[in-house]
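A.B. asks: Pasting in a structure now, in structure tokens, and then I'll have a few things to ask.
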Amino acid sequence: MATQAIAKPTRPVLAGNGQPSIEDSAPAHPGTFRTNSLVAGVMYLLTFVSIPTLFLYVPIHASSYILGPGPDTNVMIGAILEMIVGLTGIGTAVALYSVIKRQGEGRALGFVASRTLEAAGIFMGVAFLLSVVSLRQAGAGTGALPTAHALVALYDRIFLLSGSFIPAVNAVLLGSLLYQSRLVPRALPVLGFIGVPLLITADAAVLFGVIGRTAAPVALAAIPIAIWEFSLGVYLVVKGFRPSAVTALYNRTGAVDNRSFVPVATAP
Numbered sequence: 005m006a007t008q009a010i011a012k013p014t015r016p017v018l019a020g021n022g023q024p025s026i027e028d029s030a031p032a033h034p035g036t037f038r039t040n041s042l043v044a045g046v047m048y049l050l051t052f053v054s055i056p057t058l059f060l061y062v063p064i065h066a067s068s069y070i071l072g073p074g075p076d077t078n079v080m081i082g083a084i085l086e087m088i089v090g091l092t093g094i095g096t097a098v099a100l101y102s103v104i105k106r107q108g109e110g111r112a113l114g115f116v117a118s119r120t121l122e123a124a125g126i127f128m129g130v131a132f133l134l135s136v137v138s139l140r141q142a143g144a145g146t147g148a149l150p151t152a153h154a155l156v157a158l159y160d161r162i163f164l165l166s167g168s169f170i171p172a173v174n175a176v177l178l179g180s181l182l183y184q185s186r187l188v189p190r191a192l193p194v195l196g197f198i199g200v201p202l203l204i205t206a207d208a209a210v211l212f213g214v215i216g217r218t219a220a221p222v223a224l225a226a227i228p229i230a231i232w233e234f235s236l237g238v239y240l241v242v243k244g245f246r247p248s249a250v251t252a253l254y255n256r257t258g259a260v261d262n263r264s265f266v267p268v269a270t271a272p
């Protein structure tokens, strides 16, 4: 007579307070992932609120900004929009982490770290521009022109990292997880993959002074990743994760949780 091992659920071990211990609690039901996808989608769409800064920050790039009347309001509005982008960027990673870690925890952690670094760069850049505004409001005069120019230049360099290069890293990390798990149609992460080499090449050209940050080739190189992020946000809000992919991830990572195996007799 042969034996076969079958899974048998075990009772959760009680902690000292009489509650089930964390280690033995069951994983979240995949139905809860709809909330994750909705929050992540909304956060992704909110990251596009900073587009007006391309125009709002034009005055502060003028060489004599701190000697003139401003306008400071444009810079303040742009700073608020950028801070929203930084916070929502972190929000996308937090909302997606509990789902994408089932496909690859290392890359999921990397995505959270990358988004956090991106936000830190955004906040730092905002601080540089607000410092320029403070110089103008304090009536610093011509003696502060080199400092103001340096702060604006630092913002431009920080933006090259946080607003251009890191999104390419995000596309590799998140795109590979979504492509492999099929949580969304594969065409979406493919858009990101197409944009990665284009954006990195454009960033390198700007870094070495081949072209300017506002040159047309730089804007064109950013389009595929912009479409990837916008399309992902819309898809997550409207559709959510594909149910079959969620079920596959859940079964693969949680089907044997909290179970023990006992031998039972089977027919020879």
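FYI, in the working numbering the residues of the sequence shown are 5 to 272.
Using N, Cα and C, we set each Cβ at its ideal position, and we do this for glycine too.
How would you label Gly143, buried or exposed, when you count the other beta carbons within 10 angstroms and need 16 or more for buried?
C.D. replies: exposed
A.B. asks: Kindly list the residues whose CB is nearer than 6 angstroms to the CB of Val188, restricted to its own chain and excluding five residues on each side of it in sequence; keep chain order.
C.D. replies: Leu182 and Tyr239
A.B. asks: Given this structure, state the Cα-to-Cα distance separating Pro75 from Ser185, to the nearest angstrom.
C.D. replies: Straight across, the Cα-Cα distance linking Pro75 with Ser185 is about 48 angstroms.
A.B. asks: Taking the runs of the alpha helix (DSSP H) that are 4 residues or longer, which of them lie wholly in the region 64-143?
C.D. replies: 76-104 and 109-141
A.B. asks: Give a yes or no on whether the C-beta atoms belonging to Leu192 and Ser235 are separated by under 7 angstroms.
C.D. replies: yes
A.B. asks: Going by the beta-carbon positions, is the gap between Gly244 and Ser54 smaller than 7 angstroms?
C.D. replies: No; because the gap between Cβ atoms is not below 7 angstroms, this pair is not in contact.
A.B. asks: Just the C-alpha distance for Ala117 and Pro221, rounded to the nearest angstrom, thanks.
C.D. replies: Taking the straight line from one Cα to the other gives about 29 angstroms.
A.B. asks: Taking the Cβ atom as the reference point for each residue, do Gly125 and Ser168 lie within a distance shorter than 7 angstroms?
C.D. replies: Not a contact, by the Cβ cut-off of 7 angstroms.
A.B. asks: Note down the Cα distance separating Leu60 from Leu253, rounded to an integer number of angstroms.
C.D. replies: Answer to the nearest angstrom: the Cα atoms are 44 angstroms apart.
A.B. asks: Let me make sure I understand the geometry here. Which of Val62, Leu71 and Leu91 has the alpha-carbon closest to that of Val79?
C.D. replies: Val62
A.B. asks: Does the distance from the C-beta atom of Ile94 to that of Arg119 stay below 7 angstroms?
C.D. replies: yes
A.B. asks: Count the other CB atoms, across all protein chains shown, that sit within 10 Å of the CB of Ile170; report buried if there are 16 or more and exposed otherwise.
C.D. replies: buried
A.B. asks: Going straight from the alpha carbon of Ala206 to that of Val214, what length do you get?
C.D. replies: For Ala206 and Val214, the distance between alpha carbons rounds to 9 angstroms.
A.B. asks: Hey, could you find the ends of the alpha helix (DSSP H) Ala220 is sitting in?
C.D. replies: Ala220 to Val242
A.B. asks: When the distance is taken between beta carbons, is Val136 closer than 7 angstroms to Leu155?
C.D. replies: Their beta carbons are under 7 angstroms apart, which means Leu155 touches Val136 by this criterion.
A.B. asks: Quick check on Tyr61: does DSSP put it in helix, strand or coil?
C.D. replies: coil
A.B. asks: Go to Pro150, then tell me how far its alpha helix (DSSP H) extends in each direction, as first and last residue.
C.D. replies: Leu149 to Leu164
A.B. asks: Can you tell which of Ala172, Glu233 and Glu122 has its C-alpha closest to the C-alpha of Ala208?
C.D. replies: Ala172
A.B. asks: Considering Cα atoms alone, identify which of Tyr48, Gly129, Val103 and Val98 is closest to Ile229.
C.D. replies: Considering only alpha carbons, the answer is Tyr48.
A.B. asks: Distance check for Ile227 and Arg256, CA to CA, integer angstroms please.
C.D. replies: One C-alpha to the other measures close to 36 angstroms.
A.B. asks: For Ala44, which residues of its own chain have a beta-carbon under 6 angstroms away from its beta-carbon, when the five flanking residues on both sides are left out?
C.D. replies: For Ala44, the CB contacts under 6 angstroms within the same chain, skipping 5 residues up- and downstream, are Thr96, Ala99, Leu100 and Leu240 in chain order.
A.B. asks: When you compare the CB positions of Thr51 and Val103, do they come within less than 7 angstroms of one another, or not?
C.D. replies: no
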